[in-house]
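A.B. asks: This is the structure, below, for whatever I ask next.
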Amino acid sequence: MCRVISLMGRSCSGKDTMLNNALKMCNYNEEKLMYLPLYTTRPQRPNEPESAYNFVTDEEFKSLVDSGIIFEYRTYKSHLNGSDDDIVYYGTGKPENMSSKREYISIGTKDTIQAFKNAFDEKNMSFVYIYASNKIITDRACEREYVNRTQNYREMFRRLYEQYEQFRVFEKVIEKNTEISMHVPCFVSNINGTEIFFIRNELYDINKTTKLMLDIVHGQYQHLPRV
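Written out as structure tokens, the structure reads:
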């Protein structure tokens with residue numbers, strides 16, 4: 432049975448960078464790691480690669496859900512078009528032909544954990560929460576707005592606040608265990624019956640952080656700190 436890795440984290444925690452870096456590291460010689468297709472109805476950001484998401488319309492998204500191609504999805508309010516009533520959809524799909532000889536990686540949230548468990552064998556699932564300090568996340572978000580020339584700071588801060596609330600249960604674990612969470616690169620915690628690997632992404636060497644994540648999900652760290 433194939434292993435599926437679900438990366439979770441707040442906006443600007445570095446989860447997308449880590450996903451893309453893991454694909455490069457694992458597929459240097461052959462395709463050992465594939466990403467589960469991601470779909471969204473939000474507009475493509477400036478300088479965002481086409482491979483990041485499948486950008487679709489609301490109607491196309493709903494059709495993919497109805498056909499079973501998208502097995503989990505969630506909605507968010509957005510101010511991208513200047514309205515408080517804008518809704519964007521994000522979802523994850525299954526590849527047409529999943530292979531037991533490969534591993535798969537995707538982006539998830541707290542609310543998608545059960546959907547992933549239902550879609551795949553739980554024994555072969557790894558849930559990883561990527562985190563960084565509030566200051567680093569805010570700095571990265573401001574830099575993204577500046578580089579992309581969007582400078583939509585209202586939407587940026589709305590997204591940061593919303594995602595802190597969304598991942599509050601994870602962030603509280605980090606805040607209550609600062610002697611570990613702020614001084615070691617990784618630890619593990621059981622949240623509502625699910626084992627979550629926490630990885631601090633504040634290192635300058637993304638290759639080192641990505642390799643650490645891959646080693647952890649492959650069981651090469653048997654004695655991680657547990658909180």
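This note's numbering runs 431 ahead of the 1-based position in the sequence shown.
Even for Gly, the Cβ is constructed at its ideal location relative to N, Cα and C.
(1) Could you check which residue in 470, 485, 633 has the C-alpha nearest to that of residue 567?
(2) Taking the C-alpha atoms as reference points, what is the distance between residue 572 and residue 587?
(3) In chain order, what are the residue ranges of uninterrupted alpha helix (DSSP H) at least 4 long that sit wholly in the segment 532-557?
(4) For residue 496 and residue 502, what's the separation of their Cα atoms in angstroms?
(5) Nearest-angstrom Cα distance between residue 540 and residue 647?
(6) On the three-state DSSP scale, how would you describe residue 517?
(7) For residue 599 versus residue 617, is the C-beta distance shorter than 8 Å?
(8) Mapping DSSP to helix, strand and coil, what is residue 655?
(9) Ordered along the chain, which non-local residues of its own chain (more than five positions away) have a Cβ less than 7 Å from that of residue 615?
(10) When you compare only the Cα positions, how much space is there between residue 473 and residue 505?
(11) Does the segment 435-445 touch the segment 551-569, meaning 3 or more C-beta pairs lie closer than 8 Å?
(12) If you drop the 5 nearest sequence neighbours on each side, which residues of the same chain put their C-beta closer than 8 Å to that of residue 478?
(13) Mind checking which residues open and close the beta strand (DSSP E) that includes residue 506?
(14) Out of curiosity, what's the CA-to-CA distance linking residue 466 and residue 494?
(15) In the DSSP assignment, the beta strand (DSSP E) including residue 620 goes from what residue to what residue?
(16) May I have the straight-line CA-CA distance separating residue 608 from residue 565, to the nearest angstrom?
(17) Report, in whole angstroms, the separation of the C-beta atoms of residue 492 and residue 522, which I expect to be a contact under 8 Å.
C.D. replies: By the coordinates alone:
(1) 633
(2) 7 Å
(3) 544-550
(4) 7 Å
(5) 19 Å
(6) Strand, per DSSP.
(7) no
(8) coil
(9) 656
(10) 12 Å
(11) yes
(12) 578, 579
(13) 501-509
(14) 21 Å
(15) 617-622
(16) Residue 608 and residue 565: Cα-Cα distance of roughly 15 Å.
(17) 7 Å
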